[in-house]
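Single-structure report; data block below.
There are 2 protein chains.
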Amino acid sequence: MGRWQPDARGRLERAALELYVERGFERTSVAEIAERAGLTERTFFRHYADKREVLFAGSSALQEVLVGAVAGAPEPVAPMEAVAAALEAAAGVLQERQEHARRRQAVIDANTELQERELIKLASLSTALADALRQRGVDDATASLSAEVGIAVFKIAFRRWVEQDQHGRRDRHMDLSQFIGASLAGLRAVAAGA
Amino acid sequence: MGRWQPDARGRLERAALELYVERGFERTSVAEIAERAGLTERTFFRHYADKREVLFAGSSALQEVLVGAVAGAPEPVAPMEAVAAALEAAAGVLQERQEHARRRQAVIDANTELQERELIKLASLSTALADALRQRGVDDATASLSAEVGIAVFKIAFRRWVEQDQHGRRDRHMDLSQFIGASLAGLRAVAAGA
Chain A
1176 MGRWQPDARG RLERAALELY VERGFERTSV AEIAERAGLT ERTFFRHYAD
1226 KREVLFAGSS ALQEVLVGAV AGAPEPVAPM EAVAAALEAA AGVLQERQEH
1276 ARRRQAVIDA NTELQERELI KLASLSTALA DALRQRGVDD ATASLSAEVG
1326 IAVFKIAFRR WVEQDQHGRR DRHMDLSQFI GASLAGLRAV AAGA
Chain B
1176 MGRWQPDARG RLERAALELY VERGFERTSV AEIAERAGLT ERTFFRHYAD
1226 KREVLFAGSS ALQEVLVGAV AGAPEPVAPM EAVAAALEAA AGVLQERQEH
1276 ARRRQAVIDA NTELQERELI KLASLSTALA DALRQRGVDD ATASLSAEVG
1326 IAVFKIAFRR WVEQDQHGRR DRHMDLSQFI GASLAGLRAV AAGA
């Protein structure tokens, strides 16, 4: 192992996103990311399996936050209340990084491979959320359904949050947490009409 | 172009699924699929881009059924009622092919690449469903949310339907349509507690 590099992961993540925005994901190499970060390719591969993965570094932290919030939900557990608490906790973590999230999403939206990786990450989050609900005694079908629906709500809210300023309404700027609240209200309304 | 082969797509699809079940997806080649179907590799590639795609041949037909049902929903359109009608219509098409669906799902569950392709197909179905709702005048956020939630309901119902006989309860056998009804009822229940 090489010598310890302070904040190597963060530096690689920032360098990668900069380059993906400047030149596009396809036209950026791992060597260039490492160079921009002032690190070696070897260090890159010690932290990330490939240049896609560097964009999804936050995914396991997000999973821990979601699972932790479900595990800490008060008894008795109402499945969608626990899911809502988990989404709120995730919003708290993501809110500070809106500009990063917006740029990252633009890179993902421009590349099919990255969209695929994102779908896989979201499916993993849903599985982890369902498992956390089962651990709290929620039955199998309800756990799966609540988790899938929760991730659907999160996807919609997240997209509205990152896209809001494209429409030039900075005066009506909303937090991710507010978009999640609005999507949960939307869910109650559409589900009541099912 | 070669001469016309009666039901070439169906023959290739059946041959592929047989071989994937017998030997596994990875260990089956396009040449073997064509041979089993009594056709040439050239004919295979006239119908399918690769050996993954042959498992998802039904996806565009399913999309047409979903979109058609939303387009034909009575005025005024309650979004989740239109989605429920679309899922019912899809169930009608899939119900006859339960054994095929069960074997196909086992092949997909054993292979990460196929699971990825399945997630992409489901995301496309959700996008098409949301577009169909927008065409009917449903606002953007409600259309996306109803479509995502509808596909979540469909995923859960479909899985319960294909897996039901693994638990040896043939006496309590349910149609896909019944599982969809149960998942929609589950949705109303969990959403009310959100």
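Listed in order, the protein sequences are those of chains A and B.
Everything in the first sequence is counted per my numbering, starting at 1176 for the first residue and increasing by one.
Everything in the second sequence is counted per my numbering, starting at 1176 for the first residue and increasing by one.
A virtual CB, placed ideally from N, CA and C, is assigned to each residue, including glycine.
Cβ-based burial, residue i [other Cβ within 10 Å; buried from 16]
{"i": "residue 1235 of chain B", "result": "exposed"}
{"i": "residue 1183 of chain A", "result": "buried"}
{"i": "residue 1319 of chain A", "result": "buried"}
{"i": "residue 1254 of chain A", "result": "buried"}
{"i": "residue 1360 of chain B", "result": "exposed"}
{"i": "residue 1176 of chain B", "result": "Only weak support is given to the placement of residue 1176 of chain B: the predicted model assigns it a pLDDT of 46, under 50, and the question is left unresolved by the model."}
{"i": "residue 1219 of chain B", "result": "buried"}
{"i": "residue 1367 of chain A", "result": "exposed"}
{"i": "residue 1186 of chain B", "result": "buried"}
{"i": "residue 1217 of chain A", "result": "exposed"}
{"i": "residue 1224 of chain B", "result": "exposed"}
{"i": "residue 1279 of chain B", "result": "buried"}
{"i": "residue 1204 of chain A", "result": "exposed"}
{"i": "residue 1335 of chain B", "result": "buried"}
{"i": "residue 1338 of chain B", "result": "exposed"}
{"i": "residue 1188 of chain A", "result": "buried"}
{"i": "residue 1293 of chain B", "result": "buried"}
{"i": "residue 1206 of chain B", "result": "exposed"}
{"i": "residue 1365 of chain A", "result": "buried"}
Chain B residues whose Cβ lies nearer than 8 Å to that of residue i
{"i": "residue 1368 of chain A", "result": "1253, 1254, 1255 and 1256"}
{"i": "residue 1330 of chain A", "result": "1323"}
{"i": "residue 1335 of chain A", "result": "1316"}
Contacts that residue i makes with chain B (C-beta to C-beta distance below 7 Å)
{"i": "residue 1319 of chain A", "result": "1331"}
{"i": "residue 1276 of chain A", "result": "Result: empty, since nearest Cβ-Cβ is about 18 Å, beyond 7 Å."}
Where residue i meets chain A, residues with beta-carbon distance less than 8 Å
{"i": "residue 1246 of chain B", "result": "None at all; the shortest Cβ gap to chain A is about 18 Å."}
{"i": "residue 1265 of chain B", "result": "The premise fails here: residue 1265 of chain B is roughly 15 Å from chain A at the closest Cβ pair, so nothing lies under 8 Å."}
Contact list for residue i against chain A, beta-carbon separation under 9 Å
{"i": "residue 1260 of chain B", "result": "Simply none; closest approach about 11 Å."}
{"i": "residue 1285 of chain B", "result": "Those do not exist, as residue 1285 of chain B stays about 16 Å from chain A at its closest Cβ, beyond 9 Å."}
Within chain A, partners of residue i - CB distance below 7 Å
{"i": "residue 1281 of chain B", "result": "In chain order: nothing, as chain A lies at least about 18 Å away."}
{"i": "residue 1183 of chain B", "result": "Here the premise fails: no neighbours, minimum Cβ distance about 28 Å."}
Any non-hydrogen atom of the ligand HEM closer than 8 Å to residue i Cβ
{"i": "residue 1214 of chain A", "result": "This structure does not include the ligand HEM; it has no bound ligands of any sort."}
For the pair the region 1224-1235 of chain B and the region 1281-1289 of chain B, tell me if three or more CB-CB distances fall below 8 Å. Contact holds: three or more Cβ-Cβ distances are below 8 Å.
Practice task
Can you give me, in chain order, the residues of the region 1288-1313 of chain A that have a beta carbon less than 7 Å from any beta carbon in chain B?
Solution key: Contact annotation: in the region 1288-1313 of chain A, residues whose CB is within less than 7 Å of a CB in chain B are 1291, 1294, 1295 and 1298.
Counting pairs of Cβ atoms below 8 Å between the region 1320-1327 of chain A and the region 1323-1332 of chain B, do you hit three or more? Judged by Cβ distances under 8 Å, the region 1320-1327 of chain A makes contact with the region 1323-1332 of chain B, as three or more pairs qualify.
So if I threshold CB-CB distances at 9 Å, which residues from the region 1352-1364 of chain B count as touching chain A?
The region 1352-1364 of chain B vs chain A, Cβ under 9 Å: 1357, 1358, 1359, 1360, 1361, 1362, 1363 and 1364.
Check: Within the chosen definition, does the region 1257-1276 of chain A reach the region 1236-1244 of chain A through at least 3 CB pairs nearer than 8 Å?
Finding: With contact defined as three or more Cβ pairs closer than 8 Å, the region 1257-1276 of chain A and the region 1236-1244 of chain A are in contact.
For this session: Evaluate contact between the region 1348-1364 of chain B and the region 1347-1360 of chain A, counting only Cβ atoms and requiring at least three cross-stretch pairs below 8 Å.
Result: A contact between stretches requires three or more CB pairs, one per stretch, nearer than 8 Å, and the region 1348-1364 of chain B fails this requirement with the region 1347-1360 of chain A.
| query | So does the region 1241-1261 of chain B actually touch the region 1193-1200 of chain B, counting three or more Cβ pairs closer than 8 Å? | reply | Taking 8 Å as the limit for Cβ pairs, the verdict is that the region 1193-1200 of chain B does not touch the region 1241-1261 of chain B.
Does the region 1304-1315 of chain A come into contact with the region 1301-1317 of chain B, if we say contact requires no fewer than three beta-carbon pairs (one atom in each stretch) closer than 8 Å?
In short, these stretches do not touch, since the Cβ pair count stays below three.
Review point. Which residues, taken in chain order from the region 1191-1221 of chain A, show a beta carbon closer than 7 Å to some beta carbon of chain B?
Key: Result list empty, no residue passes.
For this session: Return the residues of the region 1222-1238 of chain B that lie within a Cβ-Cβ distance of less than 9 Å from chain A, sorted by chain order.
Result: Considering only beta carbons, no part of the region 1222-1238 of chain B lies closer than 9 Å to chain A.
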